[in-house]
Amino acid sequence: MSTLIAEDLLLLLLDDETGRLAHSDKIRPLLGGALLIELALAGRVEVEDKTSMWSTAKVVVPETPPPDDPAAQDPVLGAALELVRDRPRAARDLVDRLGKGSKETLLDRLADRGLVRPVTGKVLGLFPRTTWPAIDREHEAAVRRRLQDVLVQGLVPDERTAAIVALLSTVDHAHKVVDRGDLSTRQVKKRAKEIAAGAWAAQAVRDAVKAAQAATTAAVVAGATVAAAAGG
């Protein structure tokens, strides 16, 4: 089954039984970062050189699309690409814009594919809430096996798996999606960070991938800071 990195990320963050989403307060920049990384890995976006030490590197769309352009075949990626094409923006701005509304769209797609199902209810009998328990777990299990191979067995990840690890590491969740076996939580976390920082993307797209990772991390940290301040 062909899925987006963002869709695999959602499946990993959803509790199969309850259908509740982990890190729901951080999901917008996470999904935005996943979409930006997917476009980068497909060669559909790149990062321009900074024009000065005071400027911010901007993400742009190259003039010539690659053969078998995935953005031309997937409406979610196509919409994401058009947003990037609108005008050059910093990655941090893009992950927020790309992530807006993406959770609902992607969850609906997963439901249409028979992987999850929407269950509506109310919290405290008052506030409406939709959860998304799993129906077919085969695809998610395959994703978890690949993560197990790289995080626990130490195999070299492909670009897609490395991207998922990098995004999960952003919210300190990578160690929660595998069976650690004899490894400690600390060891798995360290491996996830090493993968996130590694040269797993081709040189032509590495700048865009790193920009998306950094922007996602910054957005997640900023959101956590605001939430902590509000709670205080």
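For the sequence shown, the UniProt record's numbering assigns the number 232 to the last residue and increments by one with no breaks.
The C-beta atom is built at its ideal place from N, Cα and C for all residues, glycine as well.
Mapping the DSSP letters down to three states, classify residue i as helix, strand or coil.
i: THR216; result: helix
i: THR130; result: strand
i: VAL116; result: strand
i: VAL156; result: coil
i: VAL221; result: helix
i: VAL177; result: coil
i: ASP108; result: helix
In terms of alpha-carbon separation, which member of the options lies closest to residue i?
i: VAL47; options: ALA90, ALA166, GLY181; result: ALA90
i: VAL156; options: SER184, ARG186, GLU194; result: GLU194
i: VAL188; options: ALA40, ALA197, LEU81, LYS176; result: LYS176
i: PRO65; options: LEU83, GLY43, VAL76, GLY78; result: GLY43
i: LEU11; options: VAL143, THR161, ARG186; result: VAL143
i: ARG191; options: VAL171, THR217, VAL152, ALA215; result: VAL152
i: GLU159; options: ALA71, ALA199, ALA80, ARG85; result: ALA199
i: ALA166; options: ALA211, ALA80, LEU98, PRO118; result: ALA211
i: THR3; options: ARG87, GLU138, GLN148; result: GLU138
Rounded to whole angstroms, what's the CA-CA distance from residue i to residue j? Just pull it up for me.
i: PHE127; j: GLY121; result: 8 Å
i: VAL59; j: GLY32; result: 13 Å
i: ASP96; j: VAL209; result: 15 Å
i: ALA219; j: GLY181; result: 32 Å
i: ALA34; j: LYS50; result: 23 Å
i: ASP108; j: ALA197; result: 32 Å
i: residue 264; j: VAL61; result: With the chain represented from 1 up to 232, any question about residue 264 goes unanswered, as that position is not in the structure.
I'd like the span of the alpha helix (DSSP H) that includes residue i, first residue to last.
i: VAL119; result: Where VAL119 is concerned, there is no enclosing alpha helix (DSSP H), although the beta strand (DSSP E) it sits in stretches over 119-123.
i: GLU138; result: 138-151
i: SER169; result: 159-170
i: ILE135; result: Premise fails: ILE135 is in no alpha helix (DSSP H) and is neither H nor E.
i: VAL188; result: 185-197
Taking DSSP's pairing of strands, which residues face residue i in a bridge?
i: ALA90; result: LYS58
i: GLU38; result: Paired residue(s): none; GLU38 is not in a bridge.
i: GLU7; result: According to DSSP, GLU7 bridges with nothing at all.
i: GLU46; result: VAL60
i: LEU21; result: LEU14
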